[in-house]
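Student: This is the structure I have questions about; it appears just below.
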């Protein structure tokens, strides 16, 4: 069964609004989750590392005030795209690792379209 | 930091033919290497992984990969491709404890009838 649940799978929103994407670890407690963004026909780009109970660590060039990450529990991390613009339209994927360098489990992704 | 290069953006093979997808990595220590497959609009599914030990690793769906330290490579192979293998394939390298993975640009596989 699924290890990671990501919701919603698709969302369309108007420019200027905010969208929240949830990532849930179903099988184990995850102190760390990762958020990726994938552009069309491109690879996954790590946006940030979500740390339970503390601030997320953002990759260079990723606006932390625009992409708000909250990891309030060991099984849930949320990514909120604030004041969305059409250029924020993309495929967002979260992942969870059990620890160390074990396999990463990915959510099914969220297709965000900003109109 | 670690990095991954997948030299081939798009590969087309005939059904039943053999397949090799290339992956080169850059990392100062022993890498942790992965191959993932992504179907359109979907998340990623792990095909196989290498942490240590036997350098030839077997994965799901008949895939295998060989870790060659001297060449900094981790190429993915399959002896006979099926039409359902058409997808995007990503090589990834991980390093450190609970660290993120870095992905290659991906190789899109098209399978001809």
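Residue numbers (the numbering used here), protein chains in the order written: chain C, 3 to 117; chain R, 479 to 591.
Every residue, glycine too, gets a C-beta built ideally from N, C-alpha and C.
Since this is a predicted model, take the numbers as computed values, not measurements.
(1) Does the beta carbon of residue 543 of chain R come closer than 7 Å to any beta carbon on chain C?
(2) Run through the DSSP bridge pairs and tell me what residue 570 of chain R is partnered with.
(3) Among C:24, C:50, C:55, which has the Cα closest to the Cα of residue 13 of chain C?
(4) Taking contact to mean 3 or more Cβ pairs, one atom from each stretch, closer than 8 Å, check whether the stretch 479-489 of chain R and the stretch 500-511 of chain R are in contact.
(5) Can you check whether the C-beta of residue 46 of chain C is within less than 7 Å of a C-beta belonging to chain R?
(6) State the start and end residues of the unbroken beta strand (DSSP E) segment that holds residue 61 of chain C.
(7) Name, please, each residue of chain R whose Cβ falls closer than 8 Å to the Cβ of residue 110 of chain C.
(8) Kindly give me the distance between the Cβ atoms of residue 490 of chain R and residue 585 of chain R, rounded to whole angstroms, as I take these residues to be in contact under 8 Å.
(9) List the residues of chain B whose Cβ lies closer than 9 Å to the Cβ of residue 24 of chain C, in chain order.
(10) Scan the stretch 21-50 of chain C and note each continuous beta strand (DSSP E) run of 3 residues or more that stays entirely inside, going in chain order.
(11) If contacts are defined as beta-carbon pairs under 8 Å, then residue 6 of chain C and residue 93 of chain C qualify, I think. What distance do you get, rounded to the angstrom?
(12) Kindly indicate the opening and closing residues of the beta strand (DSSP E) around residue 93 of chain C.
(13) Measure the alpha-carbon distance for residue 567 of chain R versus residue 580 of chain R and round it to whole angstroms.
(14) What are the complete beta strand (DSSP E) segments, minimum 3 residues, inside the stretch 497-556 of chain R?
(15) Return helix, strand or coil for residue 109 of chain C, following the three-state DSSP convention.
(16) Specify whether the stretch 552-568 of chain R and the stretch 23-39 of chain C touch according to this definition: at least 3 beta carbon pairs, one from each stretch, less than 8 Å apart.
(17) Within 10 Å of its beta-carbon, does residue 8 of chain C have 16 or more other beta-carbons around it, so buried, or fewer, so exposed?
(18) Using a Cβ cut-off of 7 Å, pull out every chain R residue sitting near residue 65 of chain C, in sequence order please.
(19) Using a Cβ-Cβ cut-off of 7 Å, state whether residue 95 of chain C counts as contacting chain R.
(20) From the DSSP output, which residues share a beta bridge with residue 76 of chain C?
(21) Quick one: Cα of residue 554 of chain R to Cα of residue 37 of chain C, how far?
(22) Distance check for residue 535 of chain R and residue 80 of chain C, CA to CA, integer angstroms please.
Tutor: This is what the structure gives:
(1) The residue you call residue 543 of chain R lines up with position 65 of the second chain. False, the Cβ-Cβ gap to chain C never drops below 7 Å.
(2) Here residue 570 of chain R refers to the residue found at position 92 when the second chain is read from its first residue. Paired residue(s): R:512, R:581.
(3) For the purposes of this step, residue 13 of chain C is identified with residue 11 of the first chain, where counting begins at 1. When only C-alpha atoms are compared, the closest one is C:24.
(4) yes
(5) In the first chain, residue 46 of chain C corresponds to position 44, counting from 1. For residue 46 of chain C, the answer is yes, since a Cβ of chain R falls inside 7 Å of its Cβ.
(6) Counted from its first residue, the first chain places residue 61 of chain C at position 59. Premise fails: residue 61 of chain C is in no beta strand (DSSP E) and is neither H nor E.
(7) Counting from one through the first chain, the residue named residue 110 of chain C turns up at place 108. Going along chain R in sequence order, the residues near residue 110 of chain C (Cβ under 8 Å) are 520, 521.
(8) By 1-based counting over the second chain, the position of residue 490 of chain R is 12. By 1-based counting over the second chain, the position of residue 585 of chain R is 107. Contact flag wrong, Cβ pair sits at about 11 Å.
(9) Absence of chain B from the displayed structure is noted, the protein chains being C and R.
(10) 21-27, 34-40
(11) Sequence index remark: in the first chain, residue 6 of chain C carries index 4 (1-based). Sequence index remark: in the first chain, residue 93 of chain C carries index 91 (1-based). About 15 Å; that fails the 8 Å criterion.
(12) The count along the first chain starts at 1 and reaches residue 93 of chain C at position 91. Residue 93 of chain C -> beta strand (DSSP E) spans 92-99.
(13) Within the second chain, the letter at position 89 stands for residue 567 of chain R. Within the second chain, the letter at position 102 stands for residue 580 of chain R. So the alpha carbons of these two residues sit roughly 14 Å apart.
(14) For the stretch 497-556 of chain R, the continuous beta strand (DSSP E) assignments of 3+ residues that do not extend past its boundaries occur at 497-499, 502-504, 510-516, 522-528, 534-536, 542-546, 551-556, in sequence order.
(15) Numbered from 1 along the first chain, position 107 holds the residue referred to as residue 109 of chain C. Reduced to three states, the DSSP call for residue 109 of chain C is coil.
(16) Taking a contact to require three or more Cβ pairs closer than 8 Å, the stretch 552-568 of chain R and the stretch 23-39 of chain C do not qualify as touching.
(17) As a position in the first chain, residue 8 of chain C is number 6, starting the count at 1. Buried: at least 16 other Cβ atoms inside 10 Å.
(18) Position 63 of the first chain, counted from the start, is the residue given in the question as residue 65 of chain C. None at all; the shortest Cβ gap to chain R is about 18 Å.
(19) For the purposes of this step, residue 95 of chain C is taken as residue 93 along the first chain, with counting starting at 1. Yes - at least one Cβ of chain R is within 7 Å of the one on residue 95 of chain C.
(20) Position 74 of the first chain, counted from the first residue, corresponds to residue 76 of chain C. Answer by DSSP bridge pairing: none, since residue 76 of chain C is not bridged.
(21) Taking the first residue of the second chain as position 1, residue 554 of chain R is located at position 76. Taking the first residue of the first chain as position 1, residue 37 of chain C is located at position 35. When the Cα atoms are used, residue 554 of chain R and residue 37 of chain C turn out to be separated by approximately 26 Å.
(22) Position 78 of the first chain holds residue 80 of chain C. Position 57 of the second chain holds residue 535 of chain R. In a straight line, the C-alpha of residue 80 of chain C is about 35 Å away from that of residue 535 of chain R.
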